[in-house]
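In the numbering used here, the protein residues as written are 919 to 1122.
Put into structure tokens, the structure is as follows:
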């Protein structure tokens, strides 16, 4: 009897130790899981606003409704740092007979102009190109524009004689520059430019 009770007492002690250890493991696992969940929730709550902020910051229009691109056919490279002027010649509702809104830009390293700035002479009274188009009375309103490239001084600075002091392209824009309205299509004016010849067309 004593031997049996001794074995039973020993087995109970071992079972108690095992139970205690299991309890400790369970508590440890529960606290670790809770910590990971809290950290993940905190990370999510922090990262989501940043993501939405980043997305909202990238929402603004990256290019104006009218853009251009110039390639120098003499060298087969983009015409970088070329001064360009965009002028509104006429519109259905404009009061531009006295002073037409004018915008300026300089081509980037890829020979492109994606955005225009009001020229110093009209900066105080002229809206941006998108705002100007958006203010037109109808989705099929037509406006006439001219884009001028200051070719002569640009080639001269490179030691190249140019037949053109400037190259000007006139074109008509139909619409208010709003995507999805009235079949609007972006207006892009590419120019293949050389010191003795040039060609242009409507791009996209």
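Quick reminder that beta carbons are idealized off the backbone N, C-alpha and C, glycines included.
Beta-carbon to beta-carbon, residue 1000 and residue 1112 are separated by about 13 Å, too far to satisfy the 8 Å threshold. Where residue 1063 is concerned, the enclosing beta strand (DSSP E) starts and stops at 1060-1067.
For the set 985, 1081, 1021 and 1116, the Cα lying nearest the Cα of residue 1037 is the one of 1021.
Residue 1119 is classed as exposed because its beta carbon has fewer than 16 other beta carbons within 10 Å across all chains shown. Your pair residue 1006 and residue 1018 checks out as a contact, with CB atoms roughly 5 Å apart and the cut at 8 Å. By the Cβ-count criterion, residue 1023 is buried, with 16 or more other Cβ atoms from all chains shown falling within 10 Å of its own Cβ.
Checking the DSSP bridge columns, you'll see residue 1091 partnered with 1061. In the three-state DSSP reduction, residue 1110 falls in the strand class (E or B).
Excluding its 5 nearest sequence neighbours in each direction, residue 1044 has C-beta neighbours in its own chain below 6 Å: 1019 and 1036, listed in chain order. DSSP places residue 1070 within a helical segment (H, G or I) once states are collapsed to three. For the 8 Å CB-CB criterion, residue 1108 and residue 1051 do not form a contact.
Across the set 1121, 1114 and 1072, the C-alpha of 1072 shows the shortest separation from the C-alpha of residue 1002.
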